[in-house]
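Just so we're aligned, residue 1 is where the sequence shown starts under the UniProt record's numbering, counting upward by one. Glycine included, every Cβ here is placed at the ideal spot set by N, Cα and C. Fair warning: this is a prediction, and the values are worked out from it, not measured in the lab.
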Amino acid sequence: MTRKVTKAIFPVAGLGTRFLPATKSIPKEIMTLVDRPLIQYAIDEARAAGIEEFIFVTSRGKGALEDYFDHAHELESNLKKAGKTELLDILRSTNMDSGAIAYIRQHKALGLGHAVWCARRLVGDEPFAVILTDDVIMGEPPCLQQMIEAYQETGGSMVATMEVPVEKTKAYGVLDVAEDMGAIVRAKGMIEKPKENPPSNLAVIGRYILAPTVLGSLNKLKQGSGGEIQLTDAIADEIAEGRDVYGLRFRGQRFDCGSKAGFLQATVAFGLARDELKDEFADYLSDVLAMRKAAE
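This is the structure:
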């Protein structure tokens with residue numbers, strides 16, 4: 001019987017240098033797709049999966065991220081007085097209960113594995129999720145909920161995977177597959193950013209459900225690819241120790257919002273998904289494409 005996953009780690013200590021100058025003064029996680037910041041998409045996905053405790057691994061300059069989840073009493077009061085109940089409901093949906101969020105500082109940028117290790121005392125001996133806010137996934141049910149449902153059947157550890165062109169595997173952690181069961185695969189190894197001869201084209205993206213034993217491997221603090229402490233290496237150690245690791249081919253579309261192109265693609269996709277925006281936005285995009293074609 002698998003233990004319930006109620007804790008999630010959100011590594012949000014990055015500097016967001018690919019989005020300078022915007023990230024000079026605001027955390028990248030506060031940047032918005034349509035009208036919601038990246039972090040809100042991640043939190044909503046975690047809530048839908050039954051997560052109750054939210055652990056943020058932050059760094060200096062992330063105060064706006066912490067403030068975002070606080071109650072804005074004056075703003076709520078003004079909206080209430082103005083009778084703007086719809087906006088008030090939207091605002092209240094962003095609030096987090098006292099004690100639901102914990103903040104841990106990562107003082108050195110030593111990689112994703114190190115960020116997860118920083119939260120070890122809050123995780124304890126429970127299975128936990130890890131959500132990378134750069135990876136925004138449009139899917140129903142949400143990706144982490146799909147993983148939780150699959151994990152209840154498999155146990156062990158689980159990563160979200162998607163198929164990518166072989167030439168792009170060098171940008172991802174890649175699964176070496178022992179058994180392919182369709183939506184779920186059992187891994188016999190993982191390689192971080194293989195330079196050549198990848199074991200498969202199944203790339204690991206930013207959703208994880210991890211057994212607490214992963215933290216034991218991270219305790220060794222071994223530096224891997226790029227001189228960083230890789231979470232992929234710790235998961236590979238799980239396999240080497242004979243513990244099960246699975247990959248889930250999730251249903252949905254993933255956007256790499258850590259890149260400018262991916263962020264723009266996500267903005268278009270989420271904009272077109274909004275009933276109040278889709279018609280006007282689609283007309284505008286059609287006009288832009290028509291003008292580009294005419295100019296060729």
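(message) Let me check one thing: in DSSP terms, what residues is P11 bridge-paired to?
(response) V57
(request) Tell me whether M31 sits in a helix, a strand or coil according to DSSP, three-state version. (result) coil
(request) Under the assumption that L248 contacts M147 (Cβ atoms under 8 Å), give the Cβ distance between them as a whole number of angstroms. (result) 5 Å
(message) Do K62 and P27 have their beta-carbon atoms positioned less than 7 Å apart in this structure?
(response) yes
(message) How far does the alpha helix (DSSP H) with S93 in it extend, from its first residue to its last?
(response) Segment: none, S93 is in no alpha helix (DSSP H) and carries neither H nor E.
(message) Output needed for T133: all residues of its chain with C-beta closer than 7 Å, excluding positions within five of it in sequence on either side, in chain order.
(response) F10, V12, E29, L38, I39, A42
(request) Please report how far the alpha carbon of D176 lies from the alpha carbon of V5, in whole angstroms. (result) 26 Å
(request) Tell me, to the nearest whole angstrom, how far the beta carbon of A100 is from that of E53; I am working on the premise that it is less than 8 Å. (result) 7 Å
(request) Check S217 in the structure and name its three-state DSSP category. (result) helix
(message) Which residues does DSSP list as the beta-bridge partners of D135?
(response) D256
(request) Flag this pair as touching only if the region 266 to 286 and the region 209 to 219 have three or more C-beta atom pairs under 8 Å; answer yes or no. (result) no
(message) Could you check whether the region 237 to 248 touches the region 107 to 126, counting it as contact only if at least three pairs of C-beta atoms, one from each stretch, sit closer than 8 Å?
(response) no
(message) Distance check for A269 and S157, CA to CA, integer angstroms please.
(response) 31 Å
(request) Check whether the Cβ atoms of V57 and A129 sit closer than 7 Å, and answer yes or no. (result) no
(message) Please report the straight-line C-alpha distance between D287 and V34, rounded to a whole angstrom.
(response) 20 Å
(request) Taking only the alpha-carbon atoms, compute the straight-line gap between V185 and T94 and give it to the nearest angstrom. (result) 35 Å
(request) Pull up the distance between the alpha-carbon of C257 and that of N197, whole angstroms please. (result) 27 Å
(message) I'd like the span of the beta strand (DSSP E) that includes E163, first residue to last.
(response) 157 to 163
(message) Tell me which residues share the same chain as A72 and place their Cβ nearer than 7 Å to its Cβ, disregarding the 5 neighbours each side in the sequence.
(response) L91
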